[in-house]
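Visitor: Sharing a structure, written as structure tokens. Questions coming.
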Amino acid sequence: MTVFEQAPKGILIAVGGNEDKGTYPIRKKKYGLNFFELGILRRIIDEMGGQQARIEVITSASMIPEEIGALYLNAFQVLGCQQVNILDIREEEEAQLPENLDRLRKASGVMFTGGDQSRLFRIFSGTSFHQILQDRYQYEDNFVIAGTSAGAMAMSDVMIKGGSSPRSLLKNSVKLDRGLAFQKNVIFDSHFVKRGRFGRLMEAVATHPFKIGIGLGEDTGVLIRQGNVIETIGSNLVIVVDGHHIKHNNTPYAEPGTPLSIENLKVHVLAFGNHFDIKERKFCPGKVITSLKEK
């Protein structure tokens, strides 16, 4: 795979799962953004260029791709985007087919749905499809790679593939593997607040202390520009776990199944509109972060 030296020109949107597709009961919306039209999928359309955007929804992670694909087709069409198609790629060979590669080259952006993140890695890693995605994200202004749940977790080079939340912070309770490596300095986790995944992200960061852990709440995501500046979108919370200043850390030598002890993990809680600079590890509550203005 290509080794990237310059900041990517594209946009990465990682979502924690269960984003509003226009199907939530009205009674639930008072806890969220209130308007489906202002939510995450609308933002994805806007970043891809508006209602004329050509979106390819990739359902490969799901065991029910037809059902999942239909939900996204309907949601995007309700929002006025008509050029939406489903790329139902189920095997590695299909990620090499010229017709699928041609559709990817013509797309304004892609949206990976939820399911099994390990399945995404198995199908796409090392394929021509994967290389085109990496190249377009790196070199094309505003090309968008979006993913929800498993589709978000597979975006990093170190990927959480599983692990028990109740047993987290016991050595080896979190299972890590390689991801698709669109973002190389973070580790994503999804359904974060609702499923109580704080411990497993802490263990993942303690195992790789120079990466930033990003826990994505449901109907919530991060929009990352230049491979660095995070903007929080959606109706819930994003938790950032920074291990750069860890002091004591028994993770490397603890026996499997024994408790971990970690000193000086730093945690940030981001709500809608908050920003975070990954390289500088700087939180900004407002709409503009200084390092972004300077670049």
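Heads up: the sequence shown begins at 626 in our numbering, then just goes up one per residue. Ideal placement from N, C-alpha and C gives every residue a C-beta, glycine not left out.
I need the DSSP call for Thr832, collapsed to helix, strand or coil.
Guide: To locate residue 832, count along the sequence shown from 1; it is residue 207. If DSSP states are grouped into helix, strand and coil, Thr832 belongs with the helices.
Visitor: Measure the CB-CB distance between Ile812 and Val783 and report whether it falls below 8 Å.
Guide: To locate residue 812, count along the sequence shown from 1; it is residue 187. To locate residue 783, count along the sequence shown from 1; it is residue 158. Yes; because the gap between Cβ atoms is below 8 Å, this pair is in contact.
Visitor: For Gly821, collect the residues of the same chain with a Cβ closer than 6 Å to its Cβ; drop the 5 residues on either side in sequence, then sort them by chain order.
Guide: In the sequence shown, counting from the first residue as 1, residue 821 sits at position 196. The answer, listed in chain order, is Ser790.
Visitor: My assumption, with CB atoms under 8 Å, is that Ser685 sits in contact with Arg744. Please give the rounded CB distance.
Guide: As a position in the sequence shown, residue 685 is number 60, starting the count at 1. As a position in the sequence shown, residue 744 is number 119, starting the count at 1. Contact flag correct, Cβ pair sits at about 7 Å.
Visitor: I'd like the list of long-range same chain contacts for Asn875, defined as Cβ closer than 7 Å, with 5 residues on each side in sequence excluded.
Guide: The residue labelled residue 875 in the question sits at position 250 within the sequence shown. Here the set comprises Leu885 and Ser886.
Visitor: Can you give me the C-alpha to C-alpha distance between His873 and Pro834, rounded to a whole angstrom?
Guide: One-based indexing of the sequence shown puts residue 873 at position 248. One-based indexing of the sequence shown puts residue 834 at position 209. The straight-line gap from Cα to Cα measures roughly 12 Å.
Visitor: Is DSSP giving Ile689 helix, strand or coil here?
Guide: Here residue 689 refers to the residue found at position 64 of the sequence shown. In the structure shown, Ile689 sits in coil (DSSP, three-state: anything other than H, G, I, E or B).
Visitor: Just mark Gln742 as buried or exposed, buried being the case when its beta carbon has 16 or more other beta carbons within 10 Å.
Guide: Translated into the one-based positions of the sequence shown, residue 742 becomes position 117. With 16 or more other Cβ atoms within 10 Å, it is buried.
Visitor: Name the one or two DSSP bridge partners that Met736 has.
Guide: Along the sequence shown, one-based indexing puts residue 736 at 111. Note: Met736 sits in a beta bridge opposite Val682 and Ala771.
Visitor: Could you pull out every residue in the same chain whose Cβ sits closer than 6 Å to the Cβ of Thr832, ignoring the five residues on either side in sequence?
Guide: The sequence position of residue 832 within the sequence shown is 207, counting from 1. Within its own chain, the residues whose Cβ lies closer than 6 Å to the Cβ of Thr832, once the five positions on either side in sequence are excluded, are Thr876, listed in chain order.
Visitor: On a CA-only basis, which of Gly641, Gly635 and Ala632 is nearest Leu862? Give me that one, please.
Guide: In the sequence shown, counting from the first residue as 1, residue 862 sits at position 237. With distances taken between Cα atoms, Leu862 lies closest to Gly641.
Visitor: Tell me whether Glu856 sits in a helix, a strand or coil according to DSSP, three-state version.
Guide: Locating residue 856 in the sequence shown gives position 231, where the first residue counts as 1. Three-state DSSP puts Glu856 in a strand.
Visitor: In angstroms, rounded to a whole number, what distance separates the CA positions of Gly705 and Ile757?
Guide: Against the sequence shown, residue 705 aligns to sequence position 80. Against the sequence shown, residue 757 aligns to sequence position 132. When the Cα atoms are used, Gly705 and Ile757 turn out to be separated by approximately 27 Å.
Visitor: Counting C-beta neighbours from all protein chains within 10 Å, is the total for Thr883 16 or more, i.e. buried, or is it exposed?
Guide: As a first step, residue 883 is located in the sequence shown; it is residue number 258 there, counting from the start. Exposed: under 16 other Cβ atoms inside 10 Å.
Visitor: As a quick exercise: from Ala732, Gly635, Ser687 and Tyr697, pick the residue whose alpha carbon is nearest that of Ile665.
Guide: Taking the first residue of the sequence shown as 1, we reach residue 665 at position 40. For Ile665, the nearest C-alpha among the options comes from Tyr697.
Visitor: Beta carbon of Ile837, beta carbon of Gly635: below 8 Å?
Guide: Start at 1 with the first residue of the sequence shown, and residue 837 comes out as number 212. Start at 1 with the first residue of the sequence shown, and residue 635 comes out as number 10. No, Cβ-Cβ distance for Ile837 and Gly635 is not below 8 Å.
Visitor: Between which two residues does the alpha helix (DSSP H) holding Arg747 run?
Guide: Against the sequence shown, residue 747 aligns to sequence position 122. From DSSP, the alpha helix (DSSP H) with Arg747 extends over Gln742 to Phe749.
Visitor: Given Ala896, which residues of its chain have a CB within under 7 Å of its CB, disregarding the five upstream and five downstream residues?
Guide: Here residue 896 refers to the residue found at position 271 when the sequence shown is read from its first residue. Thr857 and Leu862, listed in sequence order.
Visitor: Looking at the unbroken beta strand (DSSP E) that takes in Asn710, where does it start and where does it end?
Guide: As a position in the sequence shown, residue 710 is number 85, starting the count at 1. Asn710 -> beta strand (DSSP E) spans Val709 to Leu712.
Visitor: Using only CA atoms, which one of His870, Lys891, Ile855 and Glu888 lies nearest to Gly898?
Guide: In the sequence shown, residue 898 corresponds to position 273, counting from 1. With distances taken between Cα atoms, Gly898 lies closest to Ile855.
Visitor: Which residue marks the beginning of the alpha helix (DSSP H) containing His755, and which one marks its end?
Guide: Here residue 755 refers to the residue found at position 130 when the sequence shown is read from its first residue. Start and end: Ser753 to Tyr764.
Visitor: Is Asp671 helix, strand or coil by DSSP?
Guide: For the purposes of this step, residue 671 is identified with residue 46 of the sequence shown, where counting begins at 1. In this structure, Asp671 counts as helix in the three-state DSSP scheme.
Visitor: Would you list the residues sitting across from Ile924 in a DSSP beta bridge?
Guide: With the chain running from 626 to 920 in the structure shown, residue 924 is simply not present.
Visitor: Among residues of its own chain, excluding the 5 on either side of Gln721, which ones have a beta-carbon nearer than 8 Å to its beta-carbon?
Guide: For this step, residue 721 is matched to residue 96 along the sequence shown. Only residues of its own chain outside the window of five on either side were considered, and among them Thr752, Ser753 and Phe754 have a CB closer than 8 Å to the CB of Gln721, listed in chain order.
Visitor: Taking 7 Å as the limit between beta carbons, can you name the residues of its chain near His900, skipping five residues before and five after?
Guide: The sequence position of residue 900 within the sequence shown is 275, counting from 1. Within the same chain, His900 has close Cβ partners Val854, Ile855, Glu856, Cys909 and Ile914.
Visitor: Can you grab the Cα-Cα spacing for the pair Tyr881 / Leu801, in whole Å?
Guide: Walking along the sequence shown from the start, residue 881 turns up at place 256. Walking along the sequence shown from the start, residue 801 turns up at place 176. Sequence check: residue 881 is Pro here, not Tyr. So the alpha carbons of these two residues sit roughly 14 Å apart.
Visitor: From Lys786 to Glu828, what does the alpha carbon distance come to, in whole angstroms?
Guide: Within the sequence shown, the letter at position 161 stands for residue 786. Within the sequence shown, the letter at position 203 stands for residue 828. So the alpha carbons of these two residues sit roughly 13 Å apart.
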